[in-house]
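Single-structure report; data block below.
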Amino acid sequence: MSKMLVKDFNLGYTLLCGQMFRVSRAGEWFTVAARDHIFKVSQSSEYLEFEGVDKRFIVNYFALDEPYAAILEEIGRDGHVRSAVKKYYGMRIVRQDPWECLISFLCSSAANIPKIKLNIEMLSKSFGRSIALDGLEGYAFPRPGGLNHYGKIVQAKTGFRAKYLHAANELVSEAFLESLRRLPYPDAKKALKQIPGVGDKIADCVLLFSLGFTGAFPIDTWIRKILRGLYFENQEISDRELLDFSQKHFGRYAGYAQQFLYMLAREAM
DNA sequence: CCGCAGGCCCCAC
DNA sequence: GTGGGGCCTGCG
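To convert, count from 1 in the first sequence and add 100; that's the numbering used here.
This is how it looks when you write it as structure tokens:
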């Protein structure tokens with residue numbers, strides 16, 4: 101068991117923000133599976149307790165090395181974002197594993213969170229090696245190339261998305277995903293959209309939630325709804341226009357603005 | 001039982 | 001270049 105002091109961090113908001121699909125909660129403790137790690141974590145005031153990974157992993161995973169105050173100052177120029185930040189202060193954007201993130205969001209098309217969680221859990225069980233922590237059962241997520249059995253992908257109840265997962269497994273390597281980090285945002289996005297089943301939304305999710313592109317702004321049905329309500333009431337506006345507006349309006353940390361607005365949208369459901 | 005969901009692809013226009 | 005139907009499957 102390790103313990104560390106954390107500032108400007110709220111574990112609950114960060115883990116329950118709806119972008120991670122292998123998180124479970126038991127009272128104060130969260131169990132998180134990420135790539136080939138499984139760990140437990142809890143927060144009491146400004147201390148984080150954790151087990152199963154080291155401090156370096158925690159800092160990177162929860163993006164605790166980001167200039168949080170500067171980010172909030174920049175996105176807080178917008179009044180709606182500012183009030184969302186007040187409510188959900190300490191929420192961070194986790195750095196997921198790019199491959200697991202890509203597969204998760206490929207599963208998200210026309211789905212819902214419980215279904216995505218089911219898909220990812222079944223894929224992990226079917227293709228991943230067993231890893232355990234304190235007798236907790238867990239499975240690593242398979243590496244690129246590891247989803248090598250179409251029938252088993254279908255058995256994971258992935259439906260029409262199975263063909264996308266299978267193709268991604270053929271096309272994508274660890275090196276390809278890592279190389280995207282060094283590209284300008286438009287080029288990295290274009291490269292991701294070459295993968296069948298990946299459009300604007302999924303590409304932006306992978307860029308924001310796993311590859312460190314803090315300016316990426318995924319537009320899903322929740323964000324669409326809240327942007328229209330807050331900024332374009334009674335106006336016809338396309339996703340293309342919403343995306344252009346958001347990136348200009350919120351700037352290089354637009355992704356953080358997105359995530360805070362997303363929290364507002366979800367609470368109003 | 002039945003409509004629908006955190007989206008993409010394809011095909012009209 | 002833009003809009004709308006179809007898609008697997010589980011959830012509500």
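Beta carbons are placed, not taken as given, at the ideal position from N, Cα and C, and that holds for glycine.
Please report how far the alpha carbon of residue i lies from the alpha carbon of residue j, in whole angstroms.
i: Glu-195; j: Asp-178; result: It is worth fixing the name first, because residue 195 is Arg in this sequence and not Glu. Going by the C-alpha atoms only, they are around 25 Å apart.
i: Ile-175; j: Lys-186; result: 12 Å
i: Pro-318; j: Leu-308; result: 8 Å
i: Glu-333; j: His-266; result: 41 Å
i: Asp-344; j: Phe-150; result: 40 Å
i: Cys-305; j: Leu-148; result: 27 Å
i: Ala-268; j: Lys-155; result: 32 Å
i: Lys-252; j: Thr-258; result: 10 Å
i: Ser-144; j: Gly-297; result: 41 Å
i: Ser-124; j: Thr-131; result: 5 Å
i: Ile-171; j: Ala-163; result: 12 Å
i: Ile-231; j: Leu-223; result: 14 Å
i: Phe-157; j: Asp-108; result: 18 Å
i: Ile-323; j: Tyr-362; result: 6 Å
i: Ala-291; j: Leu-280; result: 8 Å
What did DSSP end up calling residue i once you bin it into helix, strand or coil?
i: Met-101; result: coil
i: Leu-206; result: helix
i: Lys-225; result: helix
i: Leu-247; result: coil
i: Glu-149; result: strand
i: Thr-321; result: helix
i: Leu-116; result: coil
i: Leu-307; result: helix
i: Leu-164; result: coil
i: Tyr-188; result: coil
i: Phe-260; result: helix
i: Lys-107; result: coil
i: Leu-265; result: helix
i: Arg-177; result: coil
i: Phe-241; result: coil
i: Ile-231; result: strand
i: Leu-236; result: strand
i: Val-142; result: According to the sequence as given, residue 142 is Ser; it is not Val. Correct three-state label for Ser-142: strand.
i: Ser-273; result: coil
i: Phe-332; result: coil
i: Phe-313; result: coil
Quick one: using the 10 Å Cβ neighbour count with 16 as the cut-off for buried, is residue i buried or exposed?
i: Leu-105; result: exposed
i: Tyr-239; result: buried
i: Arg-261; result: buried
i: Met-101; result: exposed
i: Ala-354; result: buried
i: Asn-219; result: buried
Please list, in chain order, all residues of the same chain as residue i whose beta carbon is under 6 Å from its beta carbon, the five residues on each side excluded.
i: Trp-129; result: Lys-140, Ser-142
i: Gln-294; result: none
i: Glu-357; result: A small correction: the amino acid at residue 357 is Ala; Glu does not occupy that position in the sequence shown. For Ala-357, where only same-chain residues beyond five positions count, the Cβ hits under 6 Å are Ile-175, Val-181, Phe-350.
i: Gly-228; result: Tyr-239, Ala-240, Phe-241, Pro-242
i: Ile-302; result: Phe-205
i: Arg-192; result: Thr-114, Phe-162, Ala-163
i: Arg-352; result: Gly-315
i: Asn-212; result: none
To the nearest whole angstrom, what separates the beta carbons of residue i and residue j, a pair I think is in contact under 8 Å?
i: Arg-366; j: Gly-118; result: 7 Å
i: Phe-313; j: Val-181; result: So it is not a contact: roughly 18 Å between Cβ atoms.
i: Tyr-264; j: Gly-190; result: Going by Cβ atoms, the distance from Tyr-264 to Gly-190 rounds to 35 Å, so no, they are not a contact pair.
i: Gly-299; j: Gln-347; result: About 17 Å separates the two Cβ atoms, so there is no contact after all.
Take residue i and list the residues in its own chain whose beta-carbon comes closer than 8 Å to its own, dropping the five residues that flank it on each side.
i: Asp-197; result: Ala-134, Arg-135, Phe-241, Ser-310
i: Arg-243; result: Trp-199, Glu-274
i: Ile-216; result: Phe-121, Ser-204, Cys-207, Ser-208
i: Lys-325; result: Ala-365
i: Glu-374; result: The question about residue 374 has no answer here: the residues shown for the chain are numbered 101 through 369.
i: Val-272; result: Trp-199, Leu-202, Pro-244, Ile-295
i: Tyr-285; result: Leu-307, Phe-313, Gly-315, Ala-316
i: Ala-184; result: Phe-360, Leu-361, Met-363, Leu-364
Near residue i, what residues of its chain come up, given a Cβ to Cβ distance below 7 Å and the 5 sequence neighbours on each side ignored?
i: Ile-337; result: Arg-328
i: Gly-152; result: His-137, Ile-138, Phe-139, Lys-140, Leu-233
i: Gly-235; result: none
i: Asp-165; result: Val-159
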